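In my numbering, the protein residues as written are 4 to 444. Even for Gly, the Cβ is constructed at its ideal location relative to N, Cα and C. Predicted, not measured: the structure shown is a model, and the values here were computed from it.
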C-alpha cells in the first residue's frame with residue numbers, strides 16, 4: 004500500500020503511522036539552484052490592509068500570471084470578486100469545485116485566457132502552469148514546507164519567479180524559518196504609492212501608443228481629426244490628448260485607496276486639531292464650522308471621507324503626505340464632518356499633486372479632492388450655523404478617572420470585607436480577659 008501526499012503535515016504522518024506497517028518516506032528535495040531563481044519578498048501589514056495592498060501590487064508589478072493563496076474557500080470567492088472589479092481576468096479554485104471545473108480553470112490559465120487564480124492549498128495541488136510569474140501568499144501558510152510547495156509553482160522551466168508573502172506583526176517571526184527552509188533570504192517589499200502606480204500607468208500607455216503610431220494610422224481617421232481641428236479651431240495636439248484621456252482611465256485600480264500602514268504617525272499638532280460632525284444633506288455641500296478661514300498661503304480643500312468612515316486626522320495627513328509628496332507641515336487645519344472633511348493645503352498646490360490626490364482612497368472612499376473659493380467657504384459657514392454639531396477634539400494622554408474631573412474629590416475607599424467606606428467603619432473593639440480575684444479567706 005502506498006500513500007501519496009504533496010506535503011507531509013502531522014495529520015498525514017499520523018495516518019501513515021496508524022494504518023501502515025514499517026512505512027518508508029520518499030521525498031524529493033528541490034534544488035537550491037532552482038530556489039535561487041525565485042525572488043522572495045515579504046510585506047508587513049494588518050489583516051484589514053491586505054486587500055488594498057494586493058490591489059496596489061497587482062497594478063504595479065509586471066506579471067504574466069499570478070497565483071494567490073488564501074486559507075478558506077470563502078476567501079477565494081470574495082478576493083476573486085474584488086480583483087475582477089478592477090479589470091483583471093481572475094478565477095477562484097477551492098474544494099467545492101468539481102474536477103472538470105478545476106481543470107477548465109487551469110486550462111484557461113495556461114492559454115492566457117485568465118491571468119490570476121485565487122486558490123486554497125488543497126485545491127491548488129498538482130497545478131503546474133509554466134507562465135505563472137508571481138506567487139502571492141495572501142495568507143501565511145501553516146508551516147515552512149507548505150510555503151516551499153506554494154512558491155514552487157513559479158520559476159518553472161528555467162524561468163525566474165517572484166514570491167511575495169503578506170505577514171502581520173506576530174507572523175514576522177516566521178521569516179527566519181522560511182529563509183532556513185528555502186536557503187534564501189527574504190527581502191522586504193515596500194508597497195507602491197498611488198503616484199508611483201500612476202506614473203507606471205502613464206509609461207505603459209505611452210509605450211502602447213508608440214507601438215500603435217509606428218504601425219500607422221488609417222487615412223480616414225486622419226481626415227476626421229483634421230476636420231474636427233478646423234471646426235473647433237483647435238490644434239491637433241489638444242485633440243490627441245482628449246482622445247488619449249478617453250482610452251486611459253482616470254485612475255489605476257492599484258490606487259483605489261491609501262493604506263493606514265503607509266501613513267506616518269501625526270505630529271502632536273495634527274492630533275490636537277478639532278474635528279466636527281454635521282448631518283448628511285444631499286447634495287453634500289460643505290458645512291464648515293464658523294471661523295474656519297484659510298491661513299496665509301493656504302487654501303481650503305474638501306475631500307469625500309468623514310466620520311461615517313471612522314477616519315482619523317492622522318490617516319488623512321499620512322495619505323496626503325505620502326501619496327502627494329507633501330511635507331506634513333504643509334497641511335494646516337483639518338475638520339472632519341459626517342461625510343467629508345475640510346482641510347488646508349498650500350494655495351499653490353501643483354497640478355500633478357492635485358490630480359494624484361483626487362485618485363487616492365481612504366477607508367473605501369475616493370478623496371475626490373477639490374478646492375473651495377471664498378464664496379463657497381462663506382456659504383458653508385452660514386449652513387453650519389443653522390445645523391451646529393459638537394466639535395470633537397483629539398485628546399492627549401490617558402483619560403482622567405471620573406473622580407478627577409471638575410476638581411471633584413475622590414470617592415471614599417471601600418473596605419473589601421465590610422463593603423463600607425473606610426471613614427464610616429467603627430473601630431474594632433479590644434476585649435480584655437479579666438483575671439479572677441482570689442476568694443476571701
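Rounded to a whole number of angstroms, what is the C-alpha to C-alpha distance between residue i and residue j?
i	j	result
residue 20	residue 180	26 Å
residue 297	residue 304	10 Å
residue 18	residue 6	9 Å
residue 109	residue 28	30 Å
residue 16	residue 149	15 Å
residue 104	residue 79	15 Å
residue 237	residue 102	60 Å
residue 332	residue 162	47 Å
residue 313	residue 169	25 Å
residue 373	residue 329	17 Å
residue 226	residue 85	42 Å
residue 53	residue 244	36 Å
residue 390	residue 311	Confidence in residue 390 is poor, its pLDDT being 45 and thus under 50, which makes the residue's placement unreliable; the coordinate value appears in the next sentence. Taking the straight line from one Cα to the other gives about 17 Å.
residue 209	residue 63	16 Å
residue 315	residue 67	38 Å
residue 123	residue 344	41 Å
residue 232	residue 355	27 Å
residue 173	residue 363	29 Å
residue 26	residue 182	30 Å
residue 40	residue 351	48 Å
residue 228	residue 55	40 Å
residue 337	residue 48	27 Å
Given a cut-off of 8 Å, decide if residue j and residue i are closer than it, judged by their beta-carbon atoms.
i	j	result
residue 346	residue 365	no
residue 317	residue 342	no
residue 353	residue 301	no
residue 171	residue 83	no
residue 46	residue 235	no
residue 93	residue 57	no
residue 361	residue 370	yes
residue 184	residue 151	yes
residue 359	residue 335	no
residue 121	residue 147	no
With burial defined as no fewer than 16 other Cβ atoms inside 10 Å of the residue's Cβ, what is the status of residue i: buried or exposed?
i	result
residue 167	buried
residue 197	buried
residue 22	exposed
residue 14	exposed
residue 175	exposed
residue 240	exposed
residue 283	Low confidence applies to residue 283: its pLDDT is 40, below 50, so where it sits in the model is not reliable enough to give any reading.
residue 204	buried
residue 211	exposed
residue 299	exposed
residue 164	buried
residue 230	exposed
residue 106	exposed
residue 201	buried
residue 24	exposed
Compare the C-alpha of residue i against each of the options and name the closest.
i	options	result
residue 90	61, 106, 326	61
residue 119	375, 101, 327, 88	88
residue 127	137, 153, 326	153
residue 159	42, 373, 335, 314	42
residue 322	66, 351, 367	367
residue 357	336, 324, 339	324
residue 125	137, 98, 151	98
residue 247	233, 213, 81, 230	213
residue 178	340, 330, 44	44
residue 156	146, 147, 137, 173	137
residue 100	344, 85, 77	77
residue 206	65, 232, 306, 338	65
residue 224	208, 242, 209	242
residue 340	228, 307, 351	307
residue 59	199, 81, 182	199
The ligand MG heavy atoms versus the CB of residue i: any closer than 7 Å?
i	result
residue 302	Absent from the structure shown: the ligand MG. Ligands present: none.
Worksheet item: Taking contact to mean at least 3 C-beta pairs separated by less than 8 Å, is the segment 67-74 in contact with the segment 133-148?
Response: yes
Worksheet item: Between the segment 105-118 and the segment 128-135, do three or more beta carbon pairs fall short of 8 Å?
Response: yes
Worksheet item: Three or more C-beta pairs closer than 8 Å, one from the segment 214-223 and one from the segment 186-201: is that the case here?
Response: no
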